[in-house]
Amino acid sequence: MSTLHTVNKSPFDRGSLASALAHALPGDAILLIEDGVVGARAAAQKTADLVQAAMPACSLYVLGPDLAARGIPVTDVVGGMTVVDYAGFVDLVAGHDRTQAWL
Amino acid sequence: MSDTKRFLYVNRKAPHGTVYALESLEVVLIGAAFEQDVSLAFLDDGVFQLIKKQVTTGIGVKNFAPTYRALGDYDVKKVFVERESLEERGLSEDDLMAITHENDDEEDVSSVEIVDRARMAEIMAAQDVILSF
Amino acid sequence: MKLAVVVNEGPYTHQASDTAYQFTKAALEKGHEIYRVFFYHDGVNNATRLTVPPQDERNVQKNWSELAEKHGLDMVVCIAAAQRRGILDDNEAKRHGKGDGAANIAPGFRISGLGQLIEAGIQADRLVVFGD
Numbered sequence: 023m024s025t026l027h028t029v030n031k032s033p034f035d036r037g038s039l040a041s042a043l044a045h046a047l048p049g050d051a052i053l054l055i056e057d058g059v060v061g062a063r064a065a066a067q068k069t070a071d072l073v074q075a076a077m078p079a080c081s082l083y084v085l086g087p088d089l090a091a092r093g094i095p096v097t098d099v100v101g102g103m104t105v106v107d108y109a110g111f112v113d114l115v116a117g118h119d120r121t122q123a124w125l
Numbered sequence: 034m035s036d037t038k039r040f041l042y043v044n045r046k047a048p049h050g051t052v053y054a055l056e057s058l059e060v061v062l063i064g065a066a067f068e069q070d071v072s073l074a075f076l077d078d079g080v081f082q083l084i085k086k087q088v089t090t091g092i093g094v095k096n097f098a099p100t101y102r103a104l105g106d107y108d109v110k111k112v113f114v115e116r117e118s119l120e121e122r123g124l125s126e127d128d129l130m131a132i133t134h135e136n137d138d139e140e141d142v143s144s145v146e147i148v149d150r151a152r153m154a155e156i157m158a159a160q161d162v163i164l165s166f
Numbered sequence: 140m141k142l143a144v145v146v147n148e149g150p151y152t153h154q155a156s157d158t159a160y161q162f163t164k165a166a167l168e169k170g171h172e173i174y175r176v177f178f179y180h181d182g183v184n185n186a187t188r189l190t191v192p193p194q195d196e197r198n199v200q201k202n203w204s205e206l207a208e209k210h211g212l213d214m215v216v217c218i219a220a221a222q223r224r225g226i227l228d229d230n231e232a233k234r235h236g237k238g239d240g241a242a243n244i245a246p247g248f249r250i251s252g253l254g255q256l257i258e259a260g261i262q263a264d265r266l267v268v269f270g271d
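Chains as they are written, first to last, in this note's numbering: chain A, 23 to 125; chain B, 34 to 166; chain C, 140 to 271.
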């Protein structure tokens with residue numbers, strides 16, 4: 023049994039990424055979408071450390087189209103995070119027992 | 034007839050700044066008719082939804098806080114409040130309104146359980162459907 | 140799988156409706172069944188037929204109406220949230236004396252109770268929320 027956690031806001035804007043990571047259990051997945059993709063950038067040390075600490079217990083994903091829309095190259099993403107498209111998002115929803123939106 | 038599912042309503046925002054607290058409560062009340070296994074979670078700023086003595090006359094909006102106290106009448110008995118969220122905000126269980134339900138012996142017992150973050154995570158992981166607002 | 144999609148925000152102000160739309164489209168392309176798309180809070184505003192966005196921008200309401208028509212989607216707008224925000228069908232407009240022609244709900248959307256959200260949670264294999 024595992025959960026897909028979605029985070030749609032920037033960690034500089036909301037505590038939702040921190041809260042999601044604080045409640046995720048080993049085997050869970052976290053997917054950054056919309057403005058949440060700001061949290062995927064390796065260059066932002068504080069948030070990159072937060073995200074990296076969740077791995078490898080949890081799997082981290084980021085929605086590619088939202089990165090591109092914000093001019094964030096895939097190469098800027100924290101190591102170990104997988105870039106997915108909407109089809110990948112659907113697969114994540116299907117592949118975990120429940121989806122929890124951290125708004 | 035399908036088995037009952039475990040529904041968790043997640044509340045993470047303070048009341049009134051946005052409509053989510055009110056409208057999520059409305060889902061809980063309507064949802065009661067479906068007799069599922071319902072739990073409510075209050076964490077992060079959501080703990081403010083349960084603070085006693087809310088007075089809304091000054092901001093000109095309806096005070097819906099009394100509705101939480103009626104949750105027992107809607108067969109909602111599991112109200113989980115996160116300890117760390119309270120402590121981070123300098124709050125304690127004493128600041129929260131009493132929410133009760135009648136147990137099998139027809140006694141009024143508290144529906145509120147203060148749980149630590151790790152336990153809250155376990156509660157979340159045990160649900161079938163998670164509604165976030 | 141049977142998926143239930145919940146849209147908590149209106150068009151344009153938040154990305155939620157767009158993300159939900161792209162997700163729903165992708166799920167259908169993968170052969171999943173969308174049991175229901177439920178619009179709550181400001182999400183009911185996706186259902187207005189009166190929107191006139193610029194020609195060179197996506198039309199969020201039409202996106203949903205056309206997707207619903209193509210795939211026979213059940214798109215439900217919560218009656219309580221709709222009443223608060225002024226989304227009415229003919230029935231509601233008459234019931235509340237809003238005058239002839241007041242109904243503003245777009246094709247493919249229907250107004251119903253919050254019970255439809257719970258029912259979707261019960262019947263679907265997965266429920267995904269898109270909000271702010």
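The beta carbon of each residue, even a glycine, is placed where N, CA and C say it ideally should be.
From a predicted model like this one, the values you see are computed outputs, not experimental measurements.
Residues that DSSP places opposite residue i in a beta bridge
i, result
"tyrosine 83 of chain A", "A:Leu53, A:Thr104"
"lysine 141 of chain C", "C:Glu172"
"isoleucine 250 of chain C", "C:Val216"
"valine 148 of chain B", "B:Glu115"
"threonine 121 of chain A", "A:Leu26"
"histidine 134 of chain B", "B:Val142"
"aspartate 70 of chain B", "B:Arg39"
"serine 165 of chain B", "B:Val43"
"phenylalanine 177 of chain C", "C:Val145, C:Val215"
"isoleucine 244 of chain C", "C:Thr187"
"valine 99 of chain A", "A:Arg63"
"phenylalanine 75 of chain B", "B:Asn44, B:Val114"
Exposure label - residue i; buried when at least 16 CB within 10 Å
i, result
"methionine 103 of chain A", "buried"
"isoleucine 92 of chain B", "exposed"
"methionine 34 of chain B", "Summary for methionine 34 of chain B: the model assigns pLDDT 46, below 50, so the residue's position carries little reliability; its value from the coordinates is reported in the next sentence. Under this definition methionine 34 of chain B is an exposed residue."
"valine 73 of chain A", "buried"
"lysine 31 of chain A", "buried"
"serine 125 of chain B", "exposed"
"threonine 89 of chain B", "exposed"
"phenylalanine 34 of chain A", "exposed"
"proline 48 of chain A", "exposed"
"alanine 42 of chain A", "buried"
"alanine 103 of chain B", "exposed"
"alanine 79 of chain A", "exposed"
"glutamine 194 of chain C", "exposed"
"arginine 116 of chain B", "buried"
Proximity to residue i [Cα-Cα], best of the options
i, options, result
"methionine 23 of chain A", "B:Asn44, B:Leu41, B:Glu135, B:Glu155", "B:Glu155"
"glutamate 135 of chain B", "B:Glu126, B:Val145, B:Asp128, B:Phe81", "B:Val145"
"lysine 237 of chain C", "C:Lys164, C:Leu227, C:Gln200, C:Ala245", "C:Leu227"
"glycine 182 of chain C", "C:Arg188, C:Met140, C:Val145", "C:Val145"
"lysine 38 of chain B", "B:Ser72, B:Leu62, B:Lys46, B:Leu55", "B:Ser72"
"alanine 186 of chain C", "C:Val268, C:Ala221, C:Gln194", "C:Ala221"
"glycine 270 of chain C", "C:Leu142, C:Gly149, C:Ala143", "C:Gly149"
"isoleucine 52 of chain A", "A:Ala66, A:Ala40, A:Ser38, A:Thr28", "A:Thr28"
"valine 61 of chain B", "B:Lys110, B:Pro48, B:Asn96, B:Val148", "B:Lys110"
"glycine 79 of chain B", "B:Asp141, B:Lys95, B:Arg122", "B:Arg122"
"isoleucine 250 of chain C", "C:Asn147, C:Ile218, C:Arg265, C:Asp229", "C:Ile218"
"tryptophan 124 of chain A", "B:Ala131, B:Gln69, B:Ala103, B:Met157", "B:Met157"
"alanine 65 of chain B", "B:Leu41, B:Phe113, B:Ala151, B:Ser165", "B:Leu41"
"asparagine 147 of chain C", "B:Ser143, B:Glu56, B:Ala47", "B:Glu56"
"alanine 44 of chain A", "B:Pro99, B:Ala151, B:Asp106", "B:Ala151"
"glutamate 168 of chain C", "C:Phe178, C:Met140, C:Asn184, C:Ser156", "C:Met140"
"valine 94 of chain B", "B:Asp149, B:His49, B:Leu164, B:Phe166", "B:His49"
"glycine 2 of chain A", "A:Ala79, A:Asp50, A:Pro78, A:Val96", "Coverage of chain A is limited to positions 23 through 125, which leaves residue 2 of chain A absent and any answer about it impossible."
"valine 112 of chain B", "B:Asp137, B:Val142, B:Asp36, B:Phe97", "B:Val142"
"serine 204 of chain C", "C:Asp195, C:Thr190, C:Gln194", "C:Thr190"
"valine 199 of chain C", "C:Asn184, C:Gly211, C:Glu258", "C:Asn184"
Span of the beta strand (DSSP E), counted from its first residue to its last, around residue i
i, result
"tyrosine 42 of chain B", "39-44"
"glutamine 87 of chain B", "Run containing glutamine 87 of chain B: none; DSSP gives neither H nor E here."
"leucine 266 of chain C", "265-269"
"serine 41 of chain A", "Counting along the chain, serine 41 of chain A falls outside any beta strand (DSSP E), though it belongs to the alpha helix (DSSP H) covering 38-45."
Distance CB(residue i)-CB(residue j) smaller than 8 Å
i, j, result
"aspartate 213 of chain C", "arginine 188 of chain C", "no"
"alanine 64 of chain A", "aspartate 119 of chain A", "no"
"isoleucine 55 of chain A", "aspartate 107 of chain A", "no"
"asparagine 44 of chain B", "phenylalanine 75 of chain B", "yes"
"tyrosine 53 of chain B", "histidine 153 of chain C", "no"
"valine 115 of chain A", "leucine 256 of chain C", "no"
"lysine 86 of chain B", "leucine 129 of chain B", "no"
"alanine 76 of chain A", "leucine 82 of chain A", "yes"
"alanine 70 of chain A", "valine 112 of chain A", "no"
"phenylalanine 81 of chain B", "alanine 131 of chain B", "no"
"threonine 121 of chain A", "arginine 265 of chain C", "yes"
"valine 215 of chain C", "phenylalanine 162 of chain C", "no"
"alanine 242 of chain C", "alanine 232 of chain C", "yes"
"valine 268 of chain C", "serine 165 of chain B", "yes"
Host alpha helix (DSSP H) of residue i (start-end)
i, result
"aspartate 229 of chain C", "229-234"
"valine 73 of chain A", "67-76"
"serine 57 of chain B", "53-64"
"serine 32 of chain A", "That residue, serine 32 of chain A, is in no alpha helix (DSSP H); it is neither H nor E in DSSP."
Chain-ordered neighbours of residue i on chain E, where CB pairs are closer than 8 Å
i, result
"phenylalanine 111 of chain A", "Any reference to chain E falls outside this structure, whose protein chains are A, B and C."
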